[in-house]
Every structure is written in C-alpha cells, then in structure tokens.
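As numbered in the numbering used here, residues 12 to 321 make up the sequence shown, in order. Note that beta-carbon positions come from the ideal geometry of N, C-alpha and C, so glycine has one too. In what follows, a single structure is set out as structure tokens and then discussed.
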Amino acid sequence: MHLRLIVPPDRTERVLDTLVDDPRVTSIVRLPGAAQRPKGDVIECDVTREATSEILGWLKDQGLYDEGSVAMALVDAAPSRNARETEKAAPGAPDDAVIWDAVVDNAYNEAKGSWVYYAFLTLATMIAAVAVVTDSAILVVGAMVVGPEFGVVAALAVGIALRNAGLTWRSARLLAQGFLLAILLTTLAALLARAVGWIDIGDVTGARPLTGFIWRPDKWSAVVAVLAGCAGVLSQTAGRSNALVGVFISVTTVPAAGDLALSLALWAPQHIGGAAAQLGINLAGMTAAGVATLLVQRRIWRMYLRVKSK
C-alpha cells in the first residue's frame, strides 16, 4: 500500500524515524514544507498490507488523522528486489491482512448514496421484471450484474460488526430507500405496460421454467445468500473487488425486487409473498454472513498480533 502523509513539522522527525526503522516500510520520501492544506511536511512510503493497519493506528495516535492528512492507494506492482525484501519482513500473506481504516472509509462512501445508485438499482429491477415476463435466465443474470446493492449490504455488515450505530443506520436506510424506490418505479412501469396490453397476469402466474425460482425461496436460497455474503466481504477486505462480479450473479435480490414489482402491478398475491420472502432472505443472509466474516477476520488478526508481540 502506498501512503501519502502530511505531517505537522513538530512530528516529522518522529514519524520519519519510525518509518525508516520499520523493515516493512520502503520507498520513503520526505518533502519538507510541501503541503499547503493542511500545512506540513509530505512523507510518502510503501507499506506491506500486513503492516498497514498497525502503522495507521500509530499514525492516528500521533494526531495525523486530526492535524495532518493520511491517504492510501493500492500498489498494483512493485517489481524490485527492495520491495520483495520488504514483503518478506512482514510474516503472513497480503490477502489475509485487513486494513480496517480502509474498510470503514469505503463503507461510509457506499452508505452515502447518490442518484447513480438509485438509477442503477431501478434499471436493474426493471431488467429483472422484463426477465420475468420473457422467462429469460440471461436477463436475470444481467439484472444481478447491474444491481449496485452489495456495496451497501457490505457497509451494513461493517456497521453492525464494528458496532457503529451511525454507519448501520445510514446503510439500512439507503438499502430500504433504494429498493422501495426501485420497486415503486418498476411497478408504475408495469402498470403502464399492462394498460397498453403488453403484459397480463399470465406473465407472472404462468409456467416459468427458467425464472420460477425467483419467487419460490427454499433452503438453498439461504445457503447461497450466506456463501455470497462471505465471498463478497472477503473480496472487499482482501482487496480483490474483481471477485464481486461472481457474487453479484449468485444472489437474487434484484430479480426478487423485479418479480415483486411485477406481481404488485398485476396483483398476484402468492407471487408477492414469495418474491418478498426471497428478497428478505437474500438481504438478511448476506448481511449476517458479512458480519460473521468480519468478526472472524478481526478475531484472527488480533490473535496474529498477540502471537507476533510475544
């Protein structure tokens, strides 16, 4: 991880000496008086993932979070012998290290919400509704990929796991508001389609061999939700966000929302209940699994630090 620090001048020597003496830190650069807002000295360095949380905690104790600045970015490649030797100085695997400050910061960003989030969730729900009408498995997968909800689910899991009431509330509210708006707009679109004769009740209640699973949750719905929740949180904490694509196409939150909206517009009570249950099971399962995964990771990391300190 690359760190860019703005350090108050009275703490520059202490911070610099600590970083230089740590074998898990390399590529250290000092730029005296270069920072203008906030004012101070700029220090840049590369830190192994395994050491990042520990070093960030120390920097926080030095007041850099309040009186200076800390920014971090992932180093995609460092093909030098110096970098490899630095990595050897940090026991463990980089993917096993969780940078908790980054996890929390990302969670807050996800919980902010934006018109883009609402737009993507609504479009994904509408695609899912079309998938139900056409009984298209391909469109179901497309709706899963377009749906942006997992980041908010992960933020909710972080808030619960770290007992952060503010983050928990913001995430839960955004999740509820997003799905309510998406379902409402998709229902209105379905009512319009019904009015012009494009769809009828048979599109929901008829035989749907490829998409019927959406409104018929079973034990496997919970199993898949739990597995997807674990995989999704791991992909974020380990810095492997590309694995999220696999998570997105494993859960049926958005397809269930699309089925629910269509069932409301055409009034199919049995399907309404089934789709709502599928949506609830998936959201609850992913959240619970995410919380459990974070707690296990936190426990393992604390055990690792205790063993290391002995």
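For D77, no beta strand (DSSP E) run applies; the uninterrupted alpha helix (DSSP H) run containing it begins and ends at L75 to E78, by DSSP. Separation of N117 and A166 (C-alpha to C-alpha, rounded to the nearest whole angstrom) is 8 Å. The distance from the Cβ of V235 to that of V143 is about 19 Å, inconsistent with a contact at the 8 Å cut-off.
Comparing C-alpha distances from E121 to each of R184, V31, L196 and S232 shows the shortest one belongs to R184.
Burial check for W209: the Cβ neighbour count within 10 Å stays below 16, so the residue is exposed. The count of Cβ pairs closer than 8 Å, one atom from the region 194-201 and one from the region 279-289, stays below three, leaving the stretches out of contact. Under DSSP, A84 takes part in a beta bridge, and its partners are H13.
Between G51 and P102, the C-beta spacing is not below 8 Å. Membership of S38 in the beta strand (DSSP E) is indicated by the continuous run V36 to Q47. The Cβ atoms of D57 and A94 sit closer than 8 Å to each other.
In the displayed model, D33 falls within coil according to three-state DSSP, outside both helix and strand. DSSP places G170 in no beta strand (DSSP E) but in the uninterrupted alpha helix (DSSP H) bounded by F161 to A172. Linking A108 to I66 through their CA atoms gives a straight-line distance of about 13 Å. For I17 against A46, the beta-carbon gap comes to about 4 Å, under 8 Å, which counts as contact.
Per DSSP, G223 is not a residue of any alpha helix (DSSP H), being assigned neither H nor E. Taking a contact to require three or more Cβ pairs closer than 8 Å, the region 303-312 and the region 264-275 do not qualify as touching. Annotation for A148: A142, L221 and T222 place their beta carbon closer than 8 Å to its own, counting only its chain and skipping 5 residues before and after. S125 and P159 have their alpha carbons spaced roughly 11 Å apart. Rounded to whole angstroms, the gap between the alpha carbons of V26 and A172 is 31 Å. Annotation for D211: R205 and L277 place their beta carbon closer than 8 Å to its own, counting only its chain and skipping 5 residues before and after.
The distance from the Cβ of A154 to that of I138 is about 4 Å, consistent with a contact at the 8 Å cut-off.
Scanning the region 262-318 for uninterrupted beta strand (DSSP E) segments of 3 residues or longer gives nothing; none is fully contained.
Straight across, the Cα-Cα distance linking A242 with L42 is about 41 Å.
Counted as a single uninterrupted DSSP element, the alpha helix (DSSP H) harbouring G68 occupies residues R60 to D72.
Residue environment analysis places I292 among the buried positions, since at least 16 neighbouring C-beta atoms fall within 10 angstroms of its C-beta. For the 8 Å CB-CB criterion, V164 and L245 do not form a contact.
Nearest to K123 by C-alpha distance, out of G162, A100, E98 and V156, is G162. With distances taken between CA atoms, D87 lies nearest to H13 out of G44, I39, A268 and H13. In the three-state reduction of the DSSP assignment, G124 falls in the coil class, being assigned neither a helical nor a strand state. Between I39 and I54, the alpha-carbon positions lie close to 7 Å from each other. Per DSSP, the continuous alpha helix (DSSP H) segment holding I194 begins and ends at A176 to A206.
Counting along the chain, S246 sits inside the alpha helix (DSSP H) bounded by residues K230 to T248.
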